[in-house]
DNA sequence: AAGTTATCACCCAAAATGGGGGATTTTGGA
DNA sequence: TCCAAAATCCCCCATTTTGGGTGATAACTT
């Protein structure tokens, strides 16, 4: 079933479009179906093209952005795998693309062999990413080991993040309501905030929890 | 600066330990420093070994687990890169390892070439991951396109997740307090919950926001 | 001996909550 | 063009929560 995966390209640069097309046509196990300048031109033909994989430029000049493109495409056809191709690897752009449903994110510097390797990686059940993107994604998981908060305070903060009240936190941690209040007061003073909302925002942005 | 990266191995299986050692010694650009059976034996020698990279088994039978090991190691020496080696790729284990500070996660099926490629990837500024791990990490970013919530309700829910009150939500979205209350009532009915905490838990676990 | 952490108590007034009822206007698809 | 969904707003109610203050005790680490 790994044979003849159908590939569609959405890329507004003519030269790149042709380049990708040649690369894909050079490999037996991939079948180049069509290439388009933007999402608006591509989407009406999706039912006919039936791609397994779409290579999508993230910075499309005309029409919707690549982010909106993948969001729309995945909502209509969740089984199509979308790999974003971009010159930028700005963290928020990458994360937005992934949230929107992209299964991979590679940079345009990718040469012949890297593009094919990315497709192979995807077909193998992986998620092709350029080095920097992989590192960004992993770093996004890292929690801050230098949190000023004690373990118990982190417990309390996690429950605050779930919207729990003083009483609910107390019940869940088997402590009295007064104790949960004390913990929260101490959290506020350490994080220099004075409400639950601010505490969560500060703690999450600094990866304290 | 990519030359002679110092490698330390923490792995309780003798055969595997020797195997990794041979592989690393076979490549000029890596310098095998030492191998240990567990974290307790390794950590006293870290200041002497001065590794750039630690290959750590996640399932250590004696002493602390690999997760606790990487957490401790990174808290003491954040500049050491840790790559987890595991037979399992259970989602929660992977995510725990990454949260704890691992810079990569590869499976034990990795052969000679894959282990060296992983180290190369790490040195290049990337994050070595086996295919399944990469996919799990990426899938963790995907939001659910079939959310029953309207865009406005998602806006409100995001603010609830930040711990905001009815009034604060109203102010931030330039609507009246009554409107934010109505939105929240509708969110509760759609998610079949009846408190802010439950709403956040349900929506996040189903990736509605 | 000093510091941190975790636990608990009592005071207060203001704000927030969840649940009930009803209403209008705008918007997007069939 | 019509209808349903979405977004906006208003009133009522009793109960709970909140943030702030001051204080204490025990355990544990350094």
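Chains as they are written, first to last, in UniProt numbering: chain A, 1 to 209; chain B, 1 to 209.
Beta carbons: idealized from backbone N, C-alpha and C, even for Gly.
Could you give the residue range of the beta strand (DSSP E) that holds residue 83 of chain B? 81-86
Could you check the C-alpha separation between residue 178 of chain B and residue 51 of chain A for me, to the nearest Å? 47 Å
Give a yes or no on whether the minimum CB-CB distance between residue 2 of chain A and chain B is below 8 Å. Reliability of the predicted coordinates at residue 2 of chain A is poor, the pLDDT of 48 falling under 50, and no value is obtained from them.
Using a Cβ-Cβ cut-off of less than 9 Å, list which residues of the segment 162-179 of chain B approach chain A; keep chain order. 162, 163, 164, 165, 168
List the residues that DSSP assigns as beta-bridge partners of residue 34 of chain B. B/8
DSSP three-state call for residue 194 of chain A: helix, strand or coil? coil
Measuring only from the beta carbon, is residue 116 of chain A closer than 7 Å to any heavy atom that is part of the ligand SAH? Absence of the ligand SAH from the depicted structure is noted, as is the absence of any ligand whatsoever, leaving it without description.
Assumed close pair residue 127 of chain B, residue 134 of chain A - CB separation to whole angstroms, cut-off 8 Å: Yes, residue 127 of chain B and residue 134 of chain A are in contact; Cβ-Cβ is about 4 Å, under 8 Å.
Contact between the segment 41-59 of chain A and the segment 74-93 of chain A is defined here as three or more beta-carbon pairs at a separation below 8 Å; is this criterion met? The segment 74-93 of chain A and the segment 41-59 of chain A touch, with three or more beta-carbon pairs separated by less than 8 Å.
Do you know offhand how far residue 36 of chain A's Cα is from residue 24 of chain A's? Each residue's Cα considered, the two are about 15 Å apart.
Do residue 172 of chain B and residue 159 of chain B have their C-beta atoms within less than 8 Å of each other? yes
Just checking: is the beta-carbon of residue 138 of chain B within a distance shorter than 8 Å of some beta-carbon in chain A? yes
Going by DSSP in three states, residue 104 of chain B sits in which element: helix, strand or coil? strand
Neighbouring residues, chain A, relative to residue 135 of chain B (Cβ below 7 Å): The answer, in chain order, is 125, 126, 127.
Can you list, in chain order, the residues of its chain whose CB lies under 7 Å from that of residue 193 of chain B, leaving out five sequence neighbours each side? 199, 202
Any Cβ of chain A within less than 8 Å of the Cβ of residue 115 of chain B? no
Quick one: does residue 187 of chain B have its CB under 8 Å from some CB of chain A? For residue 187 of chain B, the answer is no, since every Cβ of chain A falls outside 8 Å of its Cβ.
What span of residues does the alpha helix (DSSP H) with residue 136 of chain B cover, start to end? 131-139
Can you pull the chain B residues whose beta carbon is under 7 Å from the beta carbon of residue 66 of chain A, in chain order? Neighbours of residue 66 of chain A on chain B: none; closest Cβ ~16 Å, over 7 Å.
Using beta carbons (cut-off 8 Å, strictly below), is residue 205 of chain A in contact with chain B? It does not: the Cβ of residue 205 of chain A has no partner Cβ on chain B nearer than 8 Å.
Grab the span of the beta strand (DSSP E) containing residue 116 of chain A for me, first residue to last. That residue, residue 116 of chain A, is in no beta strand (DSSP E); its alpha helix (DSSP H) goes 112-123.
Just confirm the distance between the C-beta atoms of residue 96 of chain A and residue 138 of chain A, as a whole number of angstroms; I'd bet it's less than 8 Å. Not quite, the Cβ-Cβ distance comes to about 18 Å (not below 8 Å), so this is no contact.
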